[in-house]
Structures are given as structure tokens and as C-alpha cells.
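Contents: one structure, followed by commentary.
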Amino acid sequence: MLHIYNTLTRQKEPFEPLDPPFVKMYVCGPTVYDSAHIGHAMSYIVFDMVRRYLEYRGYRVRHVQNFTDVEDKIIKRSQELGISWQELTARYIDEFLRQMDALNVKRAHVYPYASQEIPEIIRIIEGLIEKGYAYVVDGDVYFRVRADDDYGKLSGRRLDELQAGARVAVDARKEDPLDFALWKASKPGEPAWDSPWGPGRPGWHIECSAMSIHYLGPQIDIHGGGADLIFPHHENEIAQSESFTGCVPFVKYWMHNGLLQLGGEKMSKSLGNLVTIGEILERHDPNALRLFVLSSHYRRPITYTDESFAAAERGLERFYAALRPPRGLPGPQDEALRRKALETRQAFEEAMDDDFNTALALGRLFDLARAINAARDESVAGPGFTEAQATLRELLEVLGFRLQGDGQPQRAVEAEPFIELAVAVRSQLRAQKQWNLADWIRDRLQELGVELRDTPEGTKWVWRPASSDQ
RNA sequence: GGCGACGUAGCCAAGUGGUUAAGGCAGGGGUCUGCAAAACCCCGAUCGCCGGUUCGAAUCCGGCCGUCGCCUCCA
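When the count follows the working numbering, it moves up by one through the first sequence with no breaks and lands on 794 for the last residue.
Here's what the structure looks like:
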């Protein structure tokens, strides 16, 4: 049975959806004021893997992911660029979706925009005011944390401790320094919507509550996001949602991925230490980023280095190799391979059932890959071989790897006819035993990032740029 | 200062009481190859430090050292 670590209870719990086989999953989406970096990619790859595994296990997942398109940074950035916030956000939303497609992240079923949920947001804020959980000050509306007796339960904080350590400039108009904005009155020139409290825009936390409630209902199974969202974002979401609907828990399983680090610190826009998704996609196989991410457990922070990324890239080759066609004829060892495939599937499921232990699961898949390669070397073929490959392919796809064709990343397609030509010329030379010239061609191609492999079936080639590009 | 996580071979990383401590990358030695490459075979760690609990600990407890996250926008 699948167990999931729940941030709320700080332990692994058996996964029992509210209404099986349906699973309602909400994942916090990006604020679209700039290009996404690989820290974002990590989070979405992780939850894509979660969704795929749930689907593999027979669940019917409904996946909602928001776009925050109303927010201070968006306003600032669009003003700097002299374009409308709509134009700015449309640009980055489009880029984001294309990059997620490239990373083989399944699209959510619904992508609500904050700017299009204003009526729902206003409805919830009005409800919170009515119930005494919120109050109006000069066109702003704040959530009254003191009215929520279990505030802090997700992040394990108590109000008193928070106040003691607060470094935030205190807004004297708020009843409590920790009260947070549900609605912000707008200044002239800022995007604004009419509301019972005057023109303004929603606070950050309320949009996720509104969208989650609107598209998935008052209670959902899984809510995911980066560990940096636990406080205050998700804490506040719980406070708002549960206070408004009265349904507890708002979310049955809170899942948080560890943060991706670069240079010893969290990769973030504000620190400026980032590698964008675009930079990775330009030069690398998207599967390599996925392997890099899934090589460690999703709750642990991972550090990006060129070396560890390159290791993932090389490891990927191993899987591709295992998916190459067999040689030889059916033999007795074929049956052993069939058994190995069954064992692997079982071990894979066992690993994944333990809070999505992808690192262990991948280890099992590498074992299977080695068995397949060994069998091919021994000229074993037959139904067992085919089944082993089918299993490997299927389970890799459950983890979200894209394995069309022979697994060759698609790039520089226009160069391929010329590479084929050079390879053909070299084959002629080899047939005439002109080794010097043949080797020269091979070396030159290597320098250009094309690696040759002479096999009994002829010469094969793959793209393999020299390491540490960028 | 408060809350939390982590520290396993050169690098990445699984393992949280009891077989030979998974797997990947790099490296070394082989097989194969015209030579290579790929693949396959073989080779490496007693688990940050100290103390404790236990018949037995990487795995539990305490202390120390170190790294990181959250407490402010953030996947």
C-alpha cells in the first residue's frame, strides 16, 4: 500500500483518498513575472511523477495548478518594461507551458489564473468577514490569525514564538502583526478590481484557497509545493480555507519537495543564483534533468553542480542502451529475464509505495537494465527479453521519462543527413581497411559531439557533446 | 533567537536495530573490437565526532562540530 509523508502530521501515512479512485491534487504554480529556473522544474517534475504513479496505481487524478498573475513583482516588472501586466504574464505563462511540455510534465486539467478568480475570492473574503475571521482597514482586508485557534499547525509554530522572532516591519493598522492581507487596496495605476471594500487586488494566499475550493471542493487529497511554501503560504491557506468552509482538514496530505540549491544556497530569483529551464533545454536531454531530480528522494534538498548533472546525463545512456534491440535467438536464459522483469516491477512498486522513493526505484531499474544488456551480450533473445524491455520502458515512463524511438534526444536535425554521409564514407573506408582515414573521421565527429559505435549491424551514432559545456 | 532538515566510498545517493551497507557517475583491471566506443565481468566505504542504550546500531538516546531551509517575496 502507498504511504505518503504528510507535512501536517510529520509522518508517513497510508494513502486513503477521500473518494477513491478519485484523487484531487492541487499544486502551487509559479508567479509569472520571469523565466522559470530548474528549482521550479524540480518541483513540477516531482509532482508529475507523483501524479503518474498514482495513475499507474489506478487512481483517477484531477490535477489543478494555478498561475499567480496578480502580484507586486508582476506590477513592478511590467512597469519597468513598459508593457501591461497581461502582456507580461501571458508571455511567461506561454513559455512555462512550452517548457513543461518539453520536460514531459503532464499538463494539469485546469490552470486557473488568479486574475480570473476574483468573484470567488471576493465571495470567500466576504464569508470570512461575516464569520469574524477578517476585518477591513482602509480598503485592505486582513485575516485575523488570533481568531483561528489552530493557526500554525502545519509549520509547527505558535503565534507567540512567531511574534518573538518577527522581523517584519509592523503595520500598526493590523490587530496583530501576523495578520495577513486577503485584499489589498490598489494605488493609482495598479491593476484593480471592484470589491465591497473599494478597488483593489487579492492577496497572495487567498487565490490558492479560492481556486482549490472552486475547482476541487472544500476538501482535497493532496496539496503540493516547494518546502519554502510551508510558511506562511500554506499555513495561511489552511487558516483561510478551514475558517471559511468549516471543513477540516482542507487538505488530507500536504506534500513538500526539498529545495534545489546552487552554490551552497537555495536557487532563487531574489538571490540571482539560478540556472533557467531554458538553459538546460538548449543543450541537454530533458530526461537528464528528470533523472537528476529523481535520483534523490523528493523531500531532500538537492544541489545542482555540473558534475552531478553530467552523471545523470551519463546514467541516462545506460537506460537507452538497455532499450536497444536484441541480437541472437531465443534461448534458455530468456526465462530468467522474464522473472527478472517481474521481480523488478515488484521492487519498483515497493520503493514507490514508500513515499515515492524514486532513488531506490531507479536503482532497481538500473539492475534490470544491466540484466537486459548482459542478456543481449550473450545473444539471448525471445519473449522474456522483449518483456523485460517492455517492463523497463513502462516503468521509466511511469517516472515520466519520454522514450520515443530509440531514446535519442532530438536536436540539430538539420545536421543529420551530413552526419549520415560522413558515417557512410567512413564505412567505405573501413571496408577497404583504410583505418587511418576512418579513425580520423571518427575523431573529428567526436570533436563535433557525435560519437560513433561500430556494431555487427553497422555503425551507429549518438549525440554526445564534450562534457562541461555551458 | 525560535522552528525544522541533513552529514553514508573521489562525486551523487538508497538504506532508519540483526544476511556480504542498493544503485548511478568517475577511476583501475579484464572480455569484446582492426583500433575505439557501447555493453558485460571483476575491484572500493563500517556510515561527521564523542558518549550512552542494546546480545547486537549507519539505523535509538544525549552532547558536540558542520551544512542547509523556514521565520520576508519564493517551487
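C-beta: ideal position from N, C-alpha, C; glycine also.
Between which two residues does the beta strand (DSSP E) containing residue i stretch?
i           : result
residue 447 : Careful: residue 447 lies outside any beta strand (DSSP E), inside the alpha helix (DSSP H) at 442 to 454.
residue 338 : 335 to 338
residue 521 : No beta strand (DSSP E) contains residue 521, which DSSP labels as neither H nor E.
residue 548 : 544 to 550
residue 328 : 327 to 330
residue 786 : 782 to 787
residue 434 : Run containing residue 434: none; DSSP gives neither H nor E here.
residue 617 : Segment 610 to 618 is the alpha helix (DSSP H) holding residue 617; no beta strand (DSSP E) there.
residue 458 : 458 to 461
residue 346 : 346 to 351
Could you pull the start and end residues of the alpha helix (DSSP H) that residue i belongs to?
i           : result
residue 529 : 528 to 540
residue 467 : Note, residue 467: premise wrong, no alpha helix (DSSP H); beta strand (DSSP E) at 464 to 467.
residue 673 : 658 to 677
residue 506 : No alpha helix (DSSP H) contains residue 506, which is instead part of the beta strand (DSSP E) from 504 to 509.
residue 775 : Not the alpha helix (DSSP H): residue 775 falls in the beta strand (DSSP E), residues 774 to 779.
residue 416 : 409 to 426
residue 747 : 740 to 755
residue 680 : Per DSSP, residue 680 belongs to no alpha helix (DSSP H) and is neither H nor E.
residue 604 : 601 to 607
residue 765 : 759 to 771
Measuring CA to CA, which of the options is closest to residue i?
i           : options               : result
residue 559 : 593, 532 and 642      : 532
residue 582 : 518, 363 and 640      : 363
residue 513 : 553, 650, 406 and 763 : 406
residue 543 : 570, 365, 584 and 728 : 570
residue 563 : 549, 437, 396 and 483 : 483
residue 333 : 679, 375, 577 and 504 : 577
residue 462 : 510, 616 and 485      : 510
residue 585 : 616, 619, 625 and 549 : 625
residue 485 : 501, 565, 446 and 497 : 501
residue 415 : 359, 441, 748 and 460 : 359
residue 365 : 660, 603 and 746      : 603
residue 437 : 673, 380 and 356      : 356
residue 529 : 621, 695, 445 and 765 : 445
residue 649 : 707, 750, 442 and 769 : 707
residue 552 : 623, 505, 572 and 498 : 623
residue 743 : 763, 769, 758 and 726 : 769
Exposed or buried, residue i, counting other C-beta atoms within 10 Å across all chains shown (16 or more means buried)?
i           : result
residue 400 : exposed
residue 561 : buried
residue 703 : exposed
residue 629 : exposed
residue 668 : buried
residue 755 : exposed
residue 791 : Here residue 791 scores only 45 on pLDDT, less than 50, and its place in the model is too uncertain to base an answer on.
residue 779 : exposed
residue 607 : exposed
residue 467 : buried
residue 557 : buried
residue 672 : buried
residue 699 : buried
residue 324 : What is shown of the chain runs 325 to 794, which leaves residue 324 out entirely.
In its own chain, which residues sit with a C-beta less than 7 Å from the C-beta of residue i, not counting the 5 before and 5 after it?
i           : result
residue 507 : 449, 464, 465, 519, 521, 524, 526 and 527
residue 372 : 429, 430 and 724
residue 788 : 773 and 775
residue 595 : 589
residue 361 : 591, 598, 599, 600 and 601
residue 471 : 456 and 457
residue 496 : none
residue 503 : 466, 467, 468 and 469
residue 593 : 358
residue 385 : 347, 349, 375, 378 and 379
residue 711 : 662 and 665
residue 540 : 348, 350, 386 and 388
For residue i, which residues in the same chain have their Cβ closer than 6 Å to its Cβ, ignoring the five residues on either side in sequence?
i           : result
residue 555 : 479
residue 782 : none
residue 331 : 578 and 580
residue 612 : 636, 637 and 640
residue 353 : 389, 390 and 391
residue 341 : 347 and 545
residue 329 : 336 and 679
residue 677 : 326
Apart from the five residues just before and just after residue i, which ones in its own chain have a Cβ nearer than 8 Å to its Cβ?
i           : result
residue 568 : 448, 451, 452, 455, 457, 533 and 537
residue 515 : 394, 399, 409, 439 and 525
residue 693 : 642, 643, 645, 646 and 716
residue 369 : 427, 429, 613, 614, 617, 618 and 724
For this session: Would you mind listing the alpha helix (DSSP H) stretches within the segment 359 to 401 that are 4+ residues and don't spill past its ends, in chain order?
Result: For the segment 359 to 401, the continuous alpha helix (DSSP H) assignments of 4+ residues that do not extend past its boundaries occur at 362 to 380, in sequence order.
Exercise. In chain order, which continuous runs of the alpha helix (DSSP H) of length 4 or greater are located wholly inside the segment 559 to 585?
Worked result: Annotation: the segment 559 to 585 contains the following complete segments of the alpha helix (DSSP H) (minimum length 4 residues), in chain order: 559 to 569.
For this session: Taking only runs that begin and end inside the segment 685 to 732, name each unbroken alpha helix (DSSP H) of 4 or more residues, in chain order.
Result: Whole alpha helix (DSSP H) segments, 4+ residues: 707 to 722.
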